[in-house]
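Heads up: the structure comes next, in structure tokens.
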Amino acid sequence: MNNRKDKFSSKMESIPPSGIRKFFELCIGHDDIISLGVGEPDFPTPWVIREEAFYHLEKGHTSYTSNWGLIELREEICKYLERFNLFYDPKTEILPTVGASEGLDLVLRSILNPGDEIIVCEPCYVNYQPLSALCDATVIHLDTSKTGLYPTAEAIEKACTSKTKAVMFCSPSNPTGRIIPEAELKKIAEVVKKHEIWCLSDEIYCELIYDNHKHVSIGSFPGMKDYAIIFNGFSKAFAMTGWRIGYIAAPHDLLVQCCKLHGYNTICPPIFSQYAAAEGLRNGWAEVERMRISYQQRRNLMLNAFKEMGLSCFEPEGAFYMFPDIRSTGLTSEQFATELIQKYNVAVVPGSCFGEAGEGFIRCCYATDINKIKIAMERIAELVKQKTKK
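Start counting the sequence shown at 38; every next residue gets the next number (my numbering).
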């Protein structure tokens with residue numbers, strides 16, 4: 038073939054590869070590099086969860102499940118969601134997916150038509166914009182860098198037009214660790230209902246919250262069940278990234294559409310992952326709390342280190358990311374991250390990977406060994422000192 042580019046989808050050609058994975062790939066095979074890049078717990082999956090998977094593998098439970106997943110898992114998910122005043126029917130309003138990322142793709146392709154507008158609150162998880170663009174939707178980039186790195190009802194209201202189909206955000210946030218305050222969420226819910234748009238709420242970090250903060254789901258406000266689409270999963274809180282198990286909680290009529298694509302695409306999550314996740318919801322909470330406390334200790338160490346080196350940084354209320362402002366160094370976020378890995382053997386993710394609003398910041402994941410964090414922070418401080426000295 039002389040012109041192979043003509044043989045590819047122009048739509049896919051227009052989508053850039055993940056900036057997170059770019060810096061992750063640079064770390065592979067280099068044990069001397071300390072990675073603060075990929076958002077993955079450094080704990081193994083708790084034993085009680087692994088043991089449940091072993092049991093079902095030994096019993097030969099290796100088949101497909103229904104496209105809707107195991108009813109045992111859906112029932113446990115519903116019991117769990119009740120903690121946040123979210124009430125769903127396990128038979129019709131819960132869909133287990135291959136990670137929360139598949140759930141996001143299913144929903145976007147089920148609600149968006151070409152020309153629809155979707156408000157994406159930036160900085161945001163790297164999947165949001167490309168998956169929306171693949172649906173031929175118009176992404177409305179909502180910059181939250183001037184409002185404390187979380188969206189406000191006023192800003193969402195201003196961004197709404199007659200073409201707006203949905204608004205999408207993550208709280209606690211990847212990449213910033215910020216939580217949308219309950220009072221602001223309540224106002225956002227009123228805007229959503231006023232304009233009758235979908236509200237896509239990524240809540241996968243809701244168990245990783247620190248100090249006296251609490252998780253509030255936008256789906257818990259009066260009248261929001263018709264509009265809220267809740268994404269969650271087991272990768273982060275339960276350290277189950279490789280198990281690829283997440284779920285959508287949403288109105289049944291929407292999930293019917295999602296399940297059609299799910300059936301053609303992945304069929305169902307692995308059956309042993311579903312059994313294991315259900316056991317995690319039943320008996321994995323002591324380990325979740327142990328990991329959460331460890332993340333909080335690491336967060337405190339990293340936050341103090343950034344303050345000492347003079348970089349402005351909001352204190353993360355949740356998740357396991359920090360998003361320091363590196364504009365004082367005179368470098369772009371890409372330049373900073375590149376120089377850091379090439380000269381100091383520390384990997385972080387440029388804030389620009391999370392949208393234009395992330396430029397001038399870097400994302401640092403503190404789900405990393407605390408001794409490695411200490412070394413990494415010393416090296417980052419060296420780069421900052423070099424670039425900011427008079």
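Heads up, the beta-carbon is just placed ideally off N, CA and C, and yes, glycines get one too.
{"Check": "Under the DSSP definition of a beta bridge, which residues are partnered with Phe268?", "Outcome": "Asp239, Ile285"}
{"Check": "Use the C-beta contact count for Lys96: other C-beta atoms within 10 angstroms, 16 or more gives buried, fewer gives exposed.", "Outcome": "exposed"}
{"Check": "Do you know offhand how far Pro212's Cα is from His93's?", "Outcome": "36 Å"}
{"Check": "To the nearest angstrom, how far is the alpha carbon of Pro78 from that of Arg87?", "Outcome": "16 Å"}
{"Check": "Any chance the stretch 389-398 sits against the stretch 354-374, with 3 or more Cβ pairs inside 8 Å?", "Outcome": "yes"}
{"Check": "So, at 6 Å on beta carbons, what are the nonlocal neighbours of Leu318 in its own chain, with the 5 sequence-adjacent residues on each side left out?", "Outcome": "Glu113, Tyr117"}
{"Check": "Whose C-alpha, out of Ser310, His232, Val325, is nearest the C-alpha of Lys202?", "Outcome": "His232"}
{"Check": "Could you compute how far the alpha carbon of Leu488 sits from the alpha carbon of Lys273?", "Outcome": "Since the first residue of the chain shown is 38 and the last is 427, residue 488 is not available in this structure."}
{"Check": "Have a look at the DSSP bridge pairing and note the partners of Pro387.", "Outcome": "Ile399"}
{"Check": "Short of 6 Å in beta carbon distance, which residues of its chain neighbour Cys197, apart from the five on each side in sequence? Order them along the chain.", "Outcome": "His232"}
{"Check": "Between Leu222 and Ala265, what straight-line distance do the alpha-carbon atoms span, to the nearest angstrom?", "Outcome": "12 Å"}
{"Check": "Applying the criterion that 16 or more other CB atoms from any shown protein chain within 10 Å of the CB defines a buried residue, is Asn269 buried or exposed?", "Outcome": "buried"}
{"Check": "In terms of residues, what are the limits of the alpha helix (DSSP H) holding Glu221?", "Outcome": "219-232"}
{"Check": "Pair every Cβ in the stretch 373-384 with every Cβ in the stretch 409-424, then say whether three or more of these pairs are closer than 8 Å.", "Outcome": "yes"}
{"Check": "How about Val204 and Ile217: are their beta carbons less than 9 Å apart?", "Outcome": "no"}
{"Check": "Are there any heavy atoms of the ligand COA lying less than 8 Å away from the beta-carbon of Ala394, as far as the coordinates show?", "Outcome": "The ligand COA is absent from the structure shown, which contains no ligand whatsoever."}
{"Check": "What did DSSP end up calling Met277 once you bin it into helix, strand or coil?", "Outcome": "coil"}
{"Check": "Mind the definition here: the stretch 301-314 touches the stretch 101-115 only if three or more C-beta pairs lie below 8 Å; say whether that holds.", "Outcome": "yes"}
{"Check": "What number of angstroms, rounded off, separates the C-alpha of Val228 from the C-alpha of Ile255?", "Outcome": "12 Å"}
{"Check": "Going straight from the alpha carbon of Glu419 to that of Ser72, what length do you get?", "Outcome": "17 Å"}
{"Check": "What residues in its chain sit with their C-beta under 6 Å from that of Gly283, if we drop five residues either side in the sequence?", "Outcome": "Thr134, Gly136, Ala137, Gly140, Gly270"}
{"Check": "Per DSSP, what kind of secondary structure is Pro167 in: helix, strand or coil?", "Outcome": "helix"}
{"Check": "Can you check whether the CB of Ala170 is closer than 9 Å to the CB of Gly152?", "Outcome": "no"}
{"Check": "Helix, strand or coil: which one does DSSP assign to Cys296?", "Outcome": "helix"}
{"Check": "Quick one: Cα of Glu240 to Cα of Asn40, how far?", "Outcome": "44 Å"}
{"Check": "Which residue marks the beginning of the alpha helix (DSSP H) containing Val325, and which one marks its end?", "Outcome": "322-345"}
{"Check": "Spatial neighbours of Tyr464 within its chain, please: CB distance less than 6 Å, with the 5 preceding and 5 following residues excluded, ordered by chain position.", "Outcome": "The structure shown does not extend to residue 464, since the chain spans only 38 to 427, so no value can be given for it."}
{"Check": "What number of angstroms, rounded off, separates the C-alpha of Tyr247 from the C-alpha of Phe45?", "Outcome": "46 Å"}
{"Check": "Relative to the alpha-carbon of Glu326, which residue among Glu219, Asp406, Lys424, Pro83 has its alpha-carbon at the smallest distance?", "Outcome": "Pro83"}
{"Check": "Can you pull the DSSP bridge partners for Ala492?", "Outcome": "Lying outside 38 to 427, the shown extent of the chain, residue 492 is not represented and no answer is given."}
{"Check": "Report the three-state DSSP secondary structure of Tyr358 (helix, strand or coil).", "Outcome": "strand"}
{"Check": "Relative to the C-alpha of Met147, which residue among Leu123, Leu179, Gly347, Ala287 is closest?", "Outcome": "Note on residue identity: the sequence assigns Ser, not Met, to residue 147. Of the candidates Leu123, Leu179, Gly347, Ala287, the one whose C-alpha sits nearest the C-alpha of Ser147 is Ala287."}
{"Check": "Kindly give me the distance between the Cβ atoms of Ala276 and Phe121, rounded to whole angstroms, as I take these residues to be in contact under 8 Å.", "Outcome": "The Cβ separation is near 21 Å, so there is no contact."}
{"Check": "Can you give me the Cβ contacts of Ala404 inside the same chain, cut-off strictly under 6 Å, excluding the 5 residues immediately before and after it?", "Outcome": "Pro78, Asp79, Phe357"}
{"Check": "For Tyr242, which residues from the same chain have a beta carbon less than 6 Å from its beta carbon, with the 5 sequence-adjacent residues on both sides left out?", "Outcome": "Pro209, Lys273, Gly355, Ala356"}
{"Check": "Under 8 Å by Cβ, that's how I've got Val75 and Phe391 pegged, so tell me the actual separation to the nearest angstrom.", "Outcome": "Not confirmed; about 14 Å, so no contact."}
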